[in-house]
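Notes to accompany the following structure.
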Amino acid sequence: MKALSRCCLALVMAPMMWGQTTPTVAAPVDKTLEITPSQSWTDSGIDLHLGDLVEISASSLGTGNNLCDPQGLADLANAGKLPLESALPGALLAKLQEKSDTLLFVGAARNLKVTEAGRLFLGSNLGAAAGCTGKYSVKIHVSPGAANEAGSIKSKLASAAQIFMSGQFGGAKTTTADNQGMASDANLSSGSAETTKAAAAPSATLAVSRGLLDDALSKDLQALPRRVNDEFQHLGDMVNFILIGSEKQVQDALAAANWHVADTSTPGAVAKAILMATQKEDYLQMPMSQLYLFGRVQDFGYEQAEPYAMVASRHHFRIWKSTATYKGLPVWAGAGTHDIGFEKDQRNGKVTHKIDPLVDGERDHIGDSLQRAGQIRVMHYFTPTDAVQDARNATGGGYQSDGQVLVMFLQ
156 MKALSRCCLA LVMAPMMWGQ TTPTVAAPVD KTLEITPSQS WTDSGIDLHL GDLVEISASS
216 LGTGNNLCDP QGLADLANAG KLPLESALPG ALLAKLQEKS DTLLFVGAAR NLKVTEAGRL
276 FLGSNLGAAA GCTGKYSVKI HVSPGAANEA GSIKSKLASA AQIFMSGQFG GAKTTTADNQ
336 GMASDANLSS GSAETTKAAA APSATLAVSR GLLDDALSKD LQALPRRVND EFQHLGDMVN
396 FILIGSEKQV QDALAAANWH VADTSTPGAV AKAILMATQK EDYLQMPMSQ LYLFGRVQDF
456 GYEQAEPYAM VASRHHFRIW KSTATYKGLP VWAGAGTHDI GFEKDQRNGK VTHKIDPLVD
516 GERDHIGDSL QRAGQIRVMH YFTPTDAVQD ARNATGGGYQ SDGQVLVMFL Q
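In the working numbering, the protein residues as written are 156 to 566.
In structure tokens, the structure reads:
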């Protein structure tokens, strides 16, 4: 433990030894465009550079029937062959060169990190025989990559060490799940005040169908367990989302949405995470504990976070393949929560992760990430008759939900 303490202390001190020189970086870019959906591409006039972060949001303009939707239109007639077959007709797309064949689904909102310099072009997913009315209003914000790197890496390295130290050695202040403001969590996780707020609010851009689920599928979903449990049979997280697709579809979709398979649990995992942080290497597979559904541990655990915040703050979930199928495809049950810091494990008094008690935010974050990556064919909310709305996880942390389960049909 002393060696780990020295490692953490070195990590905290490292930013102070890296010098104070601030590089000259380009200014952020903000731009709003109106785009008429067609087979042609619109030059945004924005040149992107390696490492830039691009935030794009879009909404429909116009009135009447057959109004274009940046998420795409499932019932657009005579769509024909589409530029991007994995996205719905009429969906907003992007590419980084005018003649590029590499197309990206944008939809109503998407954040992108530029891995290759180029010019941003925007277009719609329309074939020769399809069309819709109206326009897209598109807002673009670009944060220069050099500014992101210089402005965040020092604080994130120090924060990761400080968070871990406070959690392991009792310096962190913890609160109950009844603290609605969550302001006291700001000293528990990297950027937790903003992260908690974002996780708590359901995605405003989540494109959920209002259609009815198949009766047979609804019956199968109703029969699924509502909550997972630990090895001592303590009930825990709620099952709050469903994926429908083959194992390959699930793995490919989650990889496209920037989810990472968790490592198997090892005693040296935290030390490994901190060591990799000092070496500016990303450790995005922090182990997670084993929980049970259908009498077995999870088939897969996935997580998503900024690498330097992974020690304390991460989006994560576990999934289990059920015995149910829909049109020959497996039905996967998932339980997702957002870690926002540390608290005491009520079972043994040890330190454990504290979850955001508003778990619907994590459910919708999972759906939103897959939607942004163009991996969702359609989504529905399903409300079981015995919905979970107020409960505690296996370590004693309380959580609340509207009781709905997000059902996602993968592309």
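Don't be surprised by glycine CBs; every beta carbon is placed ideally from N, CA and C.
Closest in alpha carbon position to HIS520, among VAL560, THR187, VAL383 and LEU446, is VAL560. The beta carbon of PHE472 sits closer than 7 Å to the beta carbons of TYR457, GLY489, ALA490, GLY491 and ILE521 from its chain, once the five residues preceding and following it are set aside; these are given in chain order.
For HIS535, the closest alpha carbon among the candidates ALA182, LEU565, VAL543 and HIS389 is that of LEU565. The beta-bridge partner set that DSSP reports for VAL297 consists of VAL184 and VAL209. Note that the region 287-301 touches the region 193-213; at least 3 beta-carbon pairs, one per stretch, sit closer than 8 Å.
Inter-residue distance for SER214 and ASP385 is about 43 Å (C-alpha atoms, whole angstroms). In the same chain as ARG518, and ignoring 5 residues on each side of it, the C-beta atoms closer than 7 Å to its own belong to ASN395, PHE396, GLY491 and LEU561, in chain order. Taking each of PRO539, PHE537 and SER556 in turn and checking the Cα distance to ALA546, the smallest one comes out for SER556. Looking only at ALA264, ASP375, VAL486 and LYS374, the smallest Cα-Cα distance to GLN404 is reached by VAL486. Counted as a single uninterrupted DSSP element, the alpha helix (DSSP H) harbouring GLY516 occupies residues 515-527. Within a 10 Å sphere around the beta-carbon of LEU409 sit 16 or more other beta-carbons, which makes this residue buried.
DSSP, read as helix, strand or coil, puts GLU458 in strand.
Assignment of ASP541 by DSSP, reduced to helix, strand and coil, places it in the coil class. With a cutoff of 9 Å on beta-carbon distance, LEU248 and VAL261 are scored as near each other.
ILE211 and CYS223 have their C-alpha atoms spaced approximately 17 Å apart.
Among the bridge pairs identified by DSSP, GLU189 is matched with SER292.
Beta-bridge annotation (DSSP): SER195 is not paired with any residue. The shortest CA-to-CA distance from LEU243 to any of SER195, GLN226 and GLY450 is the one to GLN226.
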